[in-house]
Amino acid sequence: MTRKTTRRSFMGQSAAIGAGFWIGGQAVTKAQDSPLQSLSAACIGVGGKGSSDTSHIGEQGVAIVGLCDVDGGTLTKKGREFPDAKQFTDYREMLDQLGDKVDIVTVSTPDHNHACAAIKAMRMKKHIYCQKPLTWSIKEARMMREVSQEMGVVTQMGNQGTSEDGLREAVEVIRSGAIGDVTEVHIWSNRPVWPQGVGRPEGEDKIPEGLNWDAWIGPAPMRPFKDGVYHSFNWRGWVDFGTGALGDMACHTTNMPVMALELWDPIAVTAVKNPGIFEGETFPGSSSLMFEFPKRGNLPACNFYWYDGGNLPNDDLISQLPKSFQKRIQEQREGGRKTSGAVVVGSKGLLFSPDDYGAQYYLLPEDNFKDFAKPEQSLPRIPFKAGGDQRQKWEFVSTVKGEYEPGTMSNFGYAGRLTETILVGNLAMRAGEGQRIEWDAKSLRSTNVEAVNEFVQREYREGWSI
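Residues in the sequence shown are numbered consecutively from 1243, following this note's numbering.
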């Protein structure tokens, strides 16, 4: 808020009380009557996706007063857009210096820094927009949910497809029973598009002037700088820093079926195709996983299958998709561009989405749905007209201001559960091909493969603990 505002005039979000629509076990509450008229933000990570996150928050009338990036060149570039913002290379210093001057903090760093930065800011009562996946570890995802609820702040994870009308409509269609009982979900990704299945290079390179390597490493174990290996984009495949293809994209591609079918807390995950974690350093170049979900209320037990690195569902399922998409699959098999897609298999038909974000969907076979009538709308539609990324920022900022009653859909109550669920798959990759990991979500432990439990959380480097 501006310095003219003397107190907070809103409640934000709470997992325990309030009116609002149900999202993943968290009730999104209505703000009180005196909305904040002006807001200020500090942005952590302002290159890559962080650049657009910062700009989009600013476009919503929020004053950007702090910019933080470990790369001085990136910081200087973004500083030209926001010349009045103070610049930092360490988010801890920025939050300590600007903590009483900001209402919102954005976190758009590599995955391993998300939780440390966001939890520090939430404990200072800041509203958080954090990129996906919400966290690097399963335990951190649980902590992000808990701290956001404890502090009563407004939160949003950056899986922008959640803001699309098409995704929300697809959720309503599945929930309506239009495709019948769902017992299988198949999702494949065109990722990775960064190095995976490689070992750590020997030696080290000189740290470039202006790069705060200590802050880039953050809570992870220190290692030598190697030019072009980790910073600025290639970190995603390294297990110390990223979450691989699954962690990066499943928060997008699984979002729609998870929301529709309440696919939380798998009881088991198996790495069906799994070359394994390469030399303990990087996720495999390709993988296929099977998540098992028990009966959930009136919903039948369901298996969710994940494929990346060029792996695809079986030919029988592919043959039921639109001919135009089957052609793209064939081109992929012949060495062409990889595809992404999601198929929700019901007893009455399929729902197919041909993109990463669930924004489009088809009901198949088409002859079965000629007379289909869309179900009554049950989820809100964002009235702000723009691209999905900008719409999600509008939803977030408007909720902080108290001007949008439905609240943020990808709040940490929802996004934390989504991230927890997805990251169990990375434990299965550590266990080896064909090993079924039995999972107790309440205690965050595998009950049959003890060796993977050490990876549920990490030991934090001194000075970077949560």
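Note that beta-carbon positions come from the ideal geometry of N, C-alpha and C, so glycine has one too.
Original post:
According to DSSP, which residues form a beta bridge with H1298?
Top reply: Your numbering for residue 1298 matches position 56 in the sequence shown. According to DSSP, H1298 bridges with nothing at all.
Original post:
Could you give the distance in angstroms between the alpha-carbon of D1682 and the alpha-carbon of A1305?
Top reply: Within the sequence shown, numbered from 1, the residue matching residue 1682 stands at position 440. Within the sequence shown, numbered from 1, the residue matching residue 1305 stands at position 63. Whole-angstrom Cα-Cα distance: 44 Å.
Original post:
If you run the structure through DSSP and keep just helix, strand and coil, what is Q1562?
Top reply: Working through the sequence shown from its first residue, we reach residue 1562 at position 320. Look at Q1562 here: in three-state DSSP terms it is coil, with no helix or strand label.
**OP:** Please go through the same chain and pick out, in chain order, the residues whose beta-carbon is closer than 6 Å to the beta-carbon of S1350, but skip the five residues on each side of it.
**Re:** For this step, residue 1350 is matched to residue 108 along the sequence shown. Closer than 6 Å at Cβ, skipping near neighbours: G1287, K1291, G1292, D1295, Q1373.
Original post:
Mapping DSSP to helix, strand and coil, what is A1683?
Top reply: Position 441 of the sequence shown, counted from the first residue, corresponds to residue 1683. Coil at A1683, not helix or strand.
Subject >> Q1438 versus F1525 - alpha carbon distance >> reply: In the sequence shown, counting from the first residue as 1, residue 1438 sits at position 196. In the sequence shown, counting from the first residue as 1, residue 1525 sits at position 283. One Cα belongs to Q1438, the other to F1525, and the distance between them is close to 5 Å.
Original post:
Going straight from the alpha carbon of S1529 to that of R1387, what length do you get?
Top reply: The sequence position of residue 1529 within the sequence shown is 287, counting from 1. The sequence position of residue 1387 within the sequence shown is 145, counting from 1. Between S1529 and R1387, the C-alpha separation is close to 28 Å.
Original post:
Tell me, which residues are paired with Q1329 by DSSP?
Top reply: Walking along the sequence shown from the start, residue 1329 turns up at place 87. Per DSSP, the beta-bridge partners of Q1329 are L1309.
Subject >> Selected residue, minimal CA-CA separation from F1611, among E1406, Q1329, A1420, D1447 >> reply: Taking the first residue of the sequence shown as 1, we reach residue 1611 at position 369. Looking at the Cα atoms, A1420 is the closest of the given residues.
**OP:** Helix, strand or coil for E1534, going by three-state DSSP, please let me know.
**Re:** In the sequence shown, counting from the first residue as 1, residue 1534 sits at position 292. The three-state reading of DSSP puts E1534 in strand, counting E and B together.
Original post:
Is it buried or exposed for Q1402, if we count other Cβ within 10 angstroms and need 16 for buried?
Top reply: Against the sequence shown, residue 1402 aligns to sequence position 160. Classification for Q1402: buried.
Original post:
Do you know how far the Cα of D1423 is from the Cα of V1586?
Top reply: In the sequence shown, residue 1586 corresponds to position 344, counting from 1. In the sequence shown, residue 1423 corresponds to position 181, counting from 1. The alpha-carbon atoms of V1586 and D1423 are separated by roughly 10 Å.
**OP:** Look up S1707 in the DSSP assignment and say whether it is helix, strand or coil.
**Re:** Counted from its first residue, the sequence shown places residue 1707 at position 465. Here S1707 sits in coil by DSSP.
**OP:** Would you kindly report the start and end of the unbroken beta strand (DSSP E) that includes T1495?
**Re:** Sequence index remark: in the sequence shown, residue 1495 carries index 253 (1-based). Segment 1486-1495 is the alpha helix (DSSP H) holding T1495; no beta strand (DSSP E) there.
**OP:** Indicate the three-state DSSP secondary structure (helix, strand or coil) for N1545 in the structure shown.
**Re:** In the sequence shown, residue 1545 corresponds to position 303, counting from 1. In the structure shown, the three-state DSSP call for N1545 is strand.
**OP:** Would you decide whether Q1302 is buried or exposed? Buried here means 16 or more other CB atoms lie within 10 Å of its CB.
**Re:** For this step, residue 1302 is matched to residue 60 along the sequence shown. With at least 16 other beta carbons inside 10 angstroms of its own, Q1302 counts as buried.
Original post:
Run through DSSP, which three-state label would Y1656 get?
Top reply: The residue given as residue 1656 occupies position 414 in the sequence shown. Looking at Y1656 - three-state DSSP - the assignment turns out to be helix.
Original post:
Which whole runs of the alpha helix (DSSP H) in the region 1420-1497 are 4 residues long or more, in chain order?
Top reply: Listed in chain order, the complete alpha helix (DSSP H) runs (minimum 4 residues) inside the region 1420-1497 are 1455-1459, 1486-1495.
Original post:
If you run the structure through DSSP and keep just helix, strand and coil, what is T1318?
Top reply: Locating residue 1318 in the sequence shown gives position 76, counting from the first residue. T1318: helix per DSSP, three-state reduction.
Subject >> Nonlocal neighbours in the same chain, by C-beta distance under 6 Å from Y1604, ignoring five residues either side >> reply: The sequence position of residue 1604 within the sequence shown is 362, counting from 1. In its chain, beyond the 5 residues on either side, F1594 have a beta carbon closer than 6 Å to the beta carbon of Y1604.
**OP:** Express the C-alpha separation of G1315 and P1508 in angstroms, rounding to a whole number.
**Re:** On the sequence shown, residue 1508 is found 266 positions in, with the first residue counted as 1. On the sequence shown, residue 1315 is found 73 positions in, with the first residue counted as 1. Approximately 43 Å, taken between the alpha carbons.
Original post:
What residue from W1477, W1430, R1703 has the CA that sits closest to R1442's CA?
Top reply: As a working note, residue 1442 is residue 200 in the sequence shown. Answer by Cα proximity: W1477.
**OP:** Identify every residue that forms a DSSP beta bridge with F1594.
**Re:** As a working mapping, residue 1594 is identified with position 352 in the sequence shown. F1594 is bridged by DSSP to V1585, Y1604.
Subject >> Residue nearest to V1471 in terms of C-alpha spacing, selected from V1413, V1440, V1514 >> reply: In the sequence shown, the residue the question calls residue 1471 occupies position 229. Of all alpha-carbon atoms in V1413, V1440, V1514, the one lying nearest the alpha-carbon of V1471 is that of V1440.
Subject >> Cβ-Cβ distance between F1546 and V1415 below 8 Å >> reply: Taking the sequence shown and counting its residues from 1, the one referred to as residue 1546 is at position 304. Taking the sequence shown and counting its residues from 1, the one referred to as residue 1415 is at position 173. In this structure, the beta-carbon distance from F1546 to V1415 does not fall below 8 Å.
Original post:
From what residue to what residue does the alpha helix (DSSP H) around L1409 run?
Top reply: In the sequence shown, residue 1409 corresponds to position 167, counting from 1. Per DSSP, L1409 belongs to the alpha helix (DSSP H) from 1407-1418.
Subject >> Beta-bridge pairing of D1550 - partner residues as DSSP gives them >> reply: The count along the sequence shown starts at 1 and reaches residue 1550 at position 308. For D1550, the beta-bridge partners assigned by DSSP are S1529.
Subject >> Rounded C-alpha distance that separates G1452 from T1331 >> reply: Residue mapping note: residue 1452 aligns to position 210 of the sequence shown, counting from 1. Residue mapping note: residue 1331 aligns to position 89 of the sequence shown, counting from 1. Going by the C-alpha atoms only, they are around 9 Å apart.
Original post:
Relative to the C-alpha of N1516, which residue among L1669, S1582, T1397, P1499 is closest?
Top reply: Looking up residue 1516 in the sequence shown gives position 274. Residue L1669 is the option with its Cα nearest to N1516.
Original post:
Is it buried or exposed for R1433, if we count other Cβ within 10 angstroms and need 16 for buried?
Top reply: Within the sequence shown, the letter at position 191 stands for residue 1433. Classification of R1433: buried, given that the 10 Å Cβ count is 16 or more.
**OP:** Tell me whether the beta-carbon of V1395 lies closer than 8 Å to the beta-carbon of K1362.
**Re:** For this step, residue 1395 is matched to residue 153 along the sequence shown. For this step, residue 1362 is matched to residue 120 along the sequence shown. The Cβ atoms of V1395 and K1362 do not sit closer than 8 Å to each other.
Original post:
A1513 lies in the beta strand (DSSP E); which residues open and close that run?
Top reply: Translated into positions along the sequence shown, residue 1513 becomes position 271. Where A1513 is concerned, the enclosing beta strand (DSSP E) stretches over 1510-1515.
Original post:
Exposed or buried, what is F1324 when buried is set at 16 or more other beta-carbons lying within 10 Å of its beta-carbon?
Top reply: Mapped onto the sequence shown, residue 1324 falls at position 82. Per the 10 Å Cβ criterion, buried.
Subject >> L1337 and K1320 closer than 8 Å at C-beta >> reply: Within the sequence shown, residue 1337 is the residue found at index 95, counting from 1. Within the sequence shown, residue 1320 is the residue found at index 78, counting from 1. No; because the gap between Cβ atoms is not below 8 Å, this pair is not in contact.
**OP:** Can you have a look at F1475 and say buried or exposed, based on whether 16 or more other CB atoms are within 10 angstroms of its CB?
**Re:** The sequence position of residue 1475 within the sequence shown is 233, counting from 1. Exposed, by the Cβ-count rule.
Original post:
Three-state secondary structure (DSSP) at R1678?
Top reply: Numbered from its first residue, the sequence shown carries residue 1678 at position 436. Reduced to three states, the DSSP call for R1678 is strand.
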